Every structure is written in C-alpha cells, then in structure tokens.
Amino acid sequence: MPTFEHLSCPIDKQPLSSQGRSLVCSNGHSFDIAKSGYINLLPVQNKRSKDPGDSKEMVSYRQSFLNLDHYFPIVKHIIDQWPSALIDSSPCRVLDAGCGEGYYLHHLAAEFVKHNVALQRVGLDISKWAVTAASKRDKDATWIVGSNASLPMPDDCLDVVLCLFGFPVFSEFARTLSDKGYLLLVESGADHLLELRQILYPSIHPYKATHSEGIEGFELISESSLHYPFRLDSQEEIQHLLCMTPHIHKASYDGKEAVKLLNTINLTAHVNFRWYQKTTKEDHNAT
Ligand SMILES: C[S@@+](CC[C@H](N)C(=O)[O-])C[C@H]1O[C@@H](n2cnc3c(N)ncnc32)[C@H](O)[C@@H]1O
Ligand SMILES: [Zn+2]
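Going by the numbering used here, the letters in the sequence shown line up with residues 363 to 649, in that order.
Laid out in structure tokens, this is it:
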C-alpha cells in the first residue's frame, strides 16, 4: 500500500516516516500499519467514545447498498465538474475526509485512470470499521483512522478535499489545502429519499440549506445538483439503505415497521454539489 508522504504525528504534529510496518515521529511515537494496510492516527485522547463514527453494521449496510451502484452517477458528476486547473496538475493530492468504506474515492480513481489523470489519494474516517473496509476494497490509496477535527497532515499539502455526506471541519480543510486548493461539499437535497422519509415520518421538515452565509476561508466557485429516480427491488436492499442512514436512529418504531412491509420502492436521489476554492491572504487584502 502506498503511504501518503505528508502525514504528521497526531500527538505532536511532527512529520511521520516509515520504519518497517510502522510510522514513527522524531519524538518516538509509533503507529502500526494494520494487516489490511490502514494506519490508525487517532490517539485515545482524541476519541470522544470507545468506538467513534459509524458502527461495523452501518458500514457493512452502506457497502452493500453502494455496491448496487445506484449512487454511481455521483461519481460521474464529480468527474464532470472536476476543476480543469487540476487536470494538468497530475498527480493531484486528494483527501476524502470522512471517506466511509471508500466507494467514492475508489471509483473516482478508477474512472480518472481512463482519462490519464492520476490521483494521489488519502481516505480518512473516524470509524475503524469504515477504514478497515476501505483498505480491503482498494490497495492503491492511503487509508487513515483519524478525525476531521484534527487532520494528521501538515499545512498546505493537499490539492483537493472531498467531503461527501460527512462532517466538515472547514478550518482544518483550509489549513491542509494548498493555496487555491479546492473543497467539494456533497450533501443531500430537499427531495433526497423523500419517498422513504414519507413512510418513516408523520411529517417532513422543510429543507434547510447549509452554509448559505458562506464558509470562512473559501470562495464558492460552482454549484450543481443531481436529481434522478432509482428503484430498490427487495426488502433486503431497502433495509441496507435504511440502516446506512441516520433515519435508522431517528425514525419512529411505527415508521420502521411500515418499511419492513415493503418489497419494492421507487426513490429519488437528490444531491447537491458545491465546489469551493481556498482564498489566500492576498485575496483578503485585495477586498
Ligand atoms: C454518512 S457517512 C458518509 C461516508 C462516505 N463519505 C459516503 O458518502 O459513503 C459519514 C461518515 O463520517 C464519519 N465521521 C463521523 N465523524 C467524523 C470525524 N470527526 N472525522 C472523520 N470522519 C467522521 C463516519 O464514521 C461515517 O463514515
Ligand atoms: Zn509524535
């Protein structure tokens, strides 16, 4: 497995270098590379719970659902919208912050290879289950257990940060992106899985746009949406989708029981994409 060359010790921020099956810093902190190839850079003191992030079950449900490829249009859309300035700066250093079980980072690279664009990829997630699954899926990326709240990387070492359906920490994204680096935020839109939500909840809350006031340190450069139908054809597929979403914890007992009676469901995918570019100190001085 390749190890991204710009990793830093999560305890003292010193650069990490390879030593056998470990990464070590100059102060003697050592982090083992797991059998499947990922690196755990989440020190106990940075953990809010014993087993943070998505559980083993959620990760496996997400993997089963994503492998049906109903969300593959998201991969295609990201590639279509990829900033042209980055196509020439190959290999492009990409972090997927909250990568889950690695579906998007894996397929992005596989599609980009067809266009002769090379990505140097790092996937990071706070869930060791997600990262374990990702490291088994794809041996050509660096997979890290870590937190967006304190990325184990030095300043200015990335060209792109992807945050898909995740938990963005913009100050860390801005710190680790190089000048004029790009951030992609992917979030669900108003109609996303509406048909499922209508069964799960007695009423649907009105949609609230996120970050409409802008994001400090970033300039919005493009906005787009995908809106398309897809269909699930078994109770098992429907449960996989339900169990990978927060609805499994939020919905009422009655709502979840109603979903158990379904054998098919027609659904809407509605996903919003926003590309941002990091603003530099000069940009601030000019305004
Ligand atoms: C809704 S899932 C999305 C996963 C993946 N991006 C996808 O779209 O398939 C959110 C992910 O964020 C991870 N997560 C939660 N808090 C995090 C944090 N502070 N830093 C990094 N990842 C985090 C969870 O473990 C989970 O895998
Ligand atoms: Zn250290």
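Note that CB positions come from ideal geometry on N, CA and C, so glycine has one too. Since the structure is predicted, the reported quantities are computational estimates derived from the model, not experimental observations.
With 16 other Cβ atoms within 10 Å as the buried cut-off, status of residue i
| i | result |
| --- | --- |
| residue 406 | exposed |
| residue 510 | buried |
| residue 589 | exposed |
| residue 611 | exposed |
| residue 419 | exposed |
| residue 591 | exposed |
| residue 613 | buried |
| residue 521 | buried |
| residue 601 | buried |
| residue 382 | exposed |
Residue i - DSSP class collapsed to helix/strand/coil
| i | result |
| --- | --- |
| residue 585 | strand |
| residue 423 | helix |
| residue 401 | strand |
| residue 433 | coil |
| residue 388 | coil |
| residue 616 | helix |
| residue 446 | helix |
| residue 407 | helix |
| residue 394 | strand |
| residue 368 | coil |
| residue 374 | coil |
| residue 412 | coil |
| residue 454 | strand |
| residue 629 | strand |
| residue 623 | coil |
Residue i Cβ short of 7 Å to ligand 1 heavy atom set
| i | result |
| --- | --- |
| residue 462 | yes |
| residue 466 | yes |
| residue 545 | no |
| residue 415 | yes |
| residue 424 | yes |
| residue 489 | yes |
| residue 528 | yes |
| residue 628 | no |
| residue 552 | no |
| residue 555 | no |
| residue 509 | yes |
| residue 459 | yes |
| residue 495 | no |
| residue 492 | yes |
| residue 369 | no |
| residue 588 | no |
| residue 428 | yes |
Cβ-heavy atom distance, residue i to ligand 2, below 7 Å
| i | result |
| --- | --- |
| residue 408 | no |
| residue 609 | no |
| residue 389 | yes |
| residue 376 | yes |
| residue 506 | no |
| residue 373 | yes |
Closest by C-alpha distance to residue i, when choosing among the options
| i | options | result |
| --- | --- | --- |
| residue 412 | 365, 390 and 491 | 491 |
| residue 458 | 372, 383, 546 and 386 | 546 |
| residue 410 | 393, 508, 584 and 564 | 508 |
| residue 577 | 621, 636 and 432 | 636 |
| residue 596 | 427, 378 and 528 | 427 |
| residue 543 | 455, 565 and 550 | 455 |
Chain C within 8 Å of residue i, Cβ atoms only
| i | result |
| --- | --- |
| residue 501 | The chain inventory of the structure shown lacks chain C, comprising one protein chain alone. |
Report the start-end ranges of each beta strand (DSSP E) in the segment 470 to 537 that is 3 residues or longer and not cut off at the edges. Here the runs fully enclosed are 481 to 487, 504 to 507 and 520 to 526.
Which full runs of the alpha helix (DSSP H) of 4+ residues lie inside the segment 545 to 603, going along the chain? 556 to 562
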